[in-house]
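Right, one structure below, let's go through it.
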Amino acid sequence: METLVAVGGGAAGMSASSRARRLKPDMEIVVFESTKMVSHAPCGIPYFVEGLFNDENLFMTYTPQFFEEKRKIHVKTNTKVTEIDFDSRIVYGESREGKIKAEYDYLVISTGAIPRKIPVEDGNDRIFYAHHPANAVELRERLWSLNTIAIVGGGILGIEMAEALTHIGKKVILIHRSKYLLNKTIDTELGNIITQRVSKDAEVRLNESVETIKEGGRLIVTDKGKYQVDGTIIAIGVAPNVELVKDKIKLGETGAIKVDDHMRTNYREVYSAGDNTESVNIITKKPAWVPFAPVANKMGYVAGSNIGGHEMRFPGVVNTQITKYKEFYIGRVGLQEDEARLHGFKPISATISGKTRARYYPDAKDIHVKIIADENTKRILGAQIVGGEEVLGRIDMMAAAIMKGFTIEDTFFIEMGYLPAISRVWDPVIVAIRQLMKDE
Numbered sequence: 001m002e003t004l005v006a007v008g009g010g011a012a013g014m015s016a017s018s019r020a021r022r023l024k025p026d027m028e029i030v031v032f033e034s035t036k037m038v039s040h041a042p043c044g045i046p047y048f049v050e051g052l053f054n055d056e057n058l059f060m061t062y063t064p065q066f067f068e069e070k071r072k073i074h075v076k077t078n079t080k081v082t083e084i085d086f087d088s089r090i091v092y093g094e095s096r097e098g099k100i101k102a103e104y105d106y107l108v109i110s111t112g113a114i115p116r117k118i119p120v121e122d123g124n125d126r127i128f129y130a131h132h133p134a135n136a137v138e139l140r141e142r143l144w145s146l147n148t149i150a151i152v153g154g155g156i157l158g159i160e161m162a163e164a165l166t167h168i169g170k171k172v173i174l175i176h177r178s179k180y181l182l183n184k185t186i187d188t189e190l191g192n193i194i195t196q197r198v199s200k201d202a203e204v205r206l207n208e209s210v211e212t213i214k215e216g217g218r219l220i221v222t223d224k225g226k227y228q229v230d231g232t233i234i235a236i237g238v239a240p241n242v243e244l245v246k247d248k249i250k251l252g253e254t255g256a257i258k259v260d261d262h263m264r265t266n267y268r269e270v271y272s273a274g275d276n277t278e279s280v281n282i283i284t285k286k287p288a289w290v291p292f293a294p295v296a297n298k299m300g301y302v303a304g305s306n307i308g309g310h311e312m313r314f315p316g317v318v319n320t321q322i323t324k325y326k327e328f329y330i331g332r333v334g335l336q337e338d339e340a341r342l343h344g345f346k347p348i349s350a351t352i353s354g355k356t357r358a359r360y361y362p363d364a365k366d367i368h369v370k371i372i373a374d375e376n377t378k379r380i381l382g383a384q385i386v387g388g389e390e391v392l393g394r395i396d397m398m399a400a401a402i403m404k405g406f407t408i409e410d411t412f413f414i415e416m417g418y419l420p421a422i423s424r425v426w427d428p429v430i431v432a433i434r435q436l437m438k439d440e
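In terms of full-length UniProt numbering, the sequence shown has 370 at position 370, counting the first letter as 1, and numbering is strictly consecutive.
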């Protein structure tokens, strides 16, 4: 009987295991997870901190018991894998019951990502990372007991935590080293809109770099000053969690595990999927690392399909992201304008502001759209949308267009739906596209 071992029970690990189980009903499948949760959703942590839900089990799409009983997948939680012998195909680890050892025919490495850190002095008892839902209860209890909280990093997690904490009445100091928030997600035109909105609720410090954190997280020292706070959240991004295998498995240019389009590593029977895994950007054809749950799930599905004997290829990524701050939804896909230039394109762009509903329909929301294309090929390279509603559907549409290589004119002729309550005859996306057509 063949055996599949998955190291890591997050989105990719459980997706791979479930897909392999469907295709090979008799396969022995074991998942080792270092925490108490599997199939978990870290994206929900800010909403838990905000108090929108209280049951930590809701972080899991399915429980370990579900996988055991319904899918016959043996889930070993609170079990840390300490070593993998790739030549002998053996996984070693330890749990509360003692040391473990498992042989495999197929292996899926799905160890996810780890938060990036900042140099600290004098301990870290008031330094927090909103990274894993297994720690969310303790995180919320600690944060709720504080009054003034610093957030270091103005990316997606930074503004989501700012939203959560200001909503429950905390004073927030948001320190960001760039000139506007979400600079790695959207360009200046739209980034300034979000920066101004966040600044209404929090003290936003831009163009400022943290040099060190002292007093266990109570004193922030930057290149421009010092801030005395009750605690500090570090939200400066994540890195691929490859510590377990970095000297044995080939890594890619991004620092994540290099795989082929079947999700295989340099060992034919070893697959990698999820936030620890490198992909390819469909637009640039260059290595890319996109640590988001939808990508991780699909990577796992592809790995499980190939392990199960059903050949499947992962096509790559276009980096679709969406977040929110208070009344604004913020989406992007593809390349930002500077990224496009960096990769050798000649970008042209159009940015428009409009409304989400017909003029006569009440409660229309503001919406801002930027579309980026290549001047030479007219291919769409990127899209960014900030608005009060209907952002997700539009950004998903643009993701499909970019994945399939649509030109400006192709996108203009997408037959979009129209209803006065949720759109206009000339959709804001098409209005922006029409602006680009003027350059032709």
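C-beta atoms are modelled at their ideal positions from N, C-alpha and C, and glycine is treated no differently.
query                                                                                                        : result
DSSP-derived helix/strand/coil call for LEU181                                                               : coil
Nearest-angstrom Cα separation, counted from THR323 out to LEU157                                            : 9 Å
Contact set for HIS262: own chain, Cβ-Cβ below 6 Å, skip 5 residues either direction                         : ASN306
Collapsed DSSP secondary structure at ILE402 in the structure displayed                                      : helix
Simplified DSSP state of SER423, which is helix, strand or coil                                              : coil
Alpha-carbon to alpha-carbon, ALA235 and LEU182                                                              : 12 Å
Residue burial classification, GLN384 (beta-carbon count within 10 angstroms, cutoff 16)                     : buried
Residue range of the beta strand (DSSP E) that includes ILE330                                               : 328 to 334
Among THR188, ILE173, LYS171 and VAL172, the one whose alpha carbon lies nearest that of LYS179              : THR188
Continuous alpha helix (DSSP H) assignments of at least 4 residues falling wholly in the segment 133 to 192  : 136 to 144 and 156 to 167
Host beta strand (DSSP E) of LYS3 (start-end)                                                                : According to the sequence shown, residue 3 is Thr rather than Lys. Its beta strand (DSSP E) spans residues 3 to 7.
Beta-carbon spacing of LEU143, GLY237 below 8 Å                                                              : no
Three-state secondary structure assigned by DSSP to TYR325                                                   : strand
Residue 443 versus LEU165: straight-line alpha-carbon distance, rounded                                      : What the structure shows of the chain is the stretch from 1 to 440, and residue 443 is not part of that stretch, so it cannot be assessed.
VAL425, buried or exposed, once every other Cβ within 10 Å from all chains shown has been counted against 16 : exposed
Where ASP374 sits in the DSSP three-state scheme                                                             : strand
Cβ-based burial, TYR360 [other Cβ within 10 Å; buried from 16]                                               : exposed
Contact under 8 Å by Cβ, GLU163 with LYS326                                                                  : yes
N- and C-terminal bounds of the beta strand (DSSP E) containing THR351                                       : 347 to 355
Inter-stretch contact at 8 Å, needing at least 3 Cβ pairs: the segment 302 to 317 / the segment 13 to 22     : yes
Cβ distance (whole Å) where HIS368 is taken to contact LEU190 below 8 Å                                      : 6 Å
Segment contact, 8 Å Cβ cut-off, at least three pairs: the segment 268 to 284 with the segment 60 to 76      : no
ASP363, buried or exposed, once every other Cβ within 10 Å from all chains shown has been counted against 16 : exposed
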